[in-house]
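Contents: one structure, followed by commentary.
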Amino acid sequence: MSNWPAAKAKRVFQALLRVGWSVKRGHGTSHVTLQHAVYPDYVWAFHDNVEIGPKMLARIAKHTGLSPRDL
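Under our numbering, the first residue of the sequence shown carries the number 0, and numbering increases by one thereafter.
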């Protein structure tokens, strides 16, 4: 079982910005390329009101270094 709760995409995006990610470039309303000093670029492809489940949050964390306490 995952220790990740489900969360809205807007909340996860805000958490990524708080932990050091910044917007490199945007592609419309949902696709944004994020950059970080330590991690390779990450494409954020979610609309604000989409609910992201625990499995997808775990995948995002694997690529971005996000942790459950960051939410």
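For glycine and all other residues, C-beta sits at the position ideal for the given N, C-alpha and C. Please read these numbers as outputs of a predicted model, since none were measured by experiment.
Inter-residue CB distance, residue i and residue j (contact presumed, cutoff 8 Å)
i: G25; j: H35; result: The pair is not a contact, with the Cβ atoms about 16 Å apart (cut-off 8 Å).
i: I59; j: V11; result: 7 Å
i: D40; j: A8; result: About 18 Å; that fails the 8 Å criterion.
i: G52; j: A5; result: 5 Å
Endpoints, alpha helix (DSSP H) assigned at residue i
i: V42; result: Careful: V42 lies outside any alpha helix (DSSP H), inside the beta strand (DSSP E) at Y41 to A44.
Bridge partners - residue i, DSSP secondary structure assignment
i: K7; result: E50
i: H62; result: DSSP, once it has assigned bridges, lists no residue as partnering H62.
Continuous beta strand (DSSP E) stretch holding residue i: start and end
i: R24; result: S21 to H26
Residue i (DSSP reduced to helix, strand or coil)
i: H35; result: coil
Local Cβ density within 10 Å of residue i, reported as buried at 16 or more and exposed below that
i: L33; result: buried
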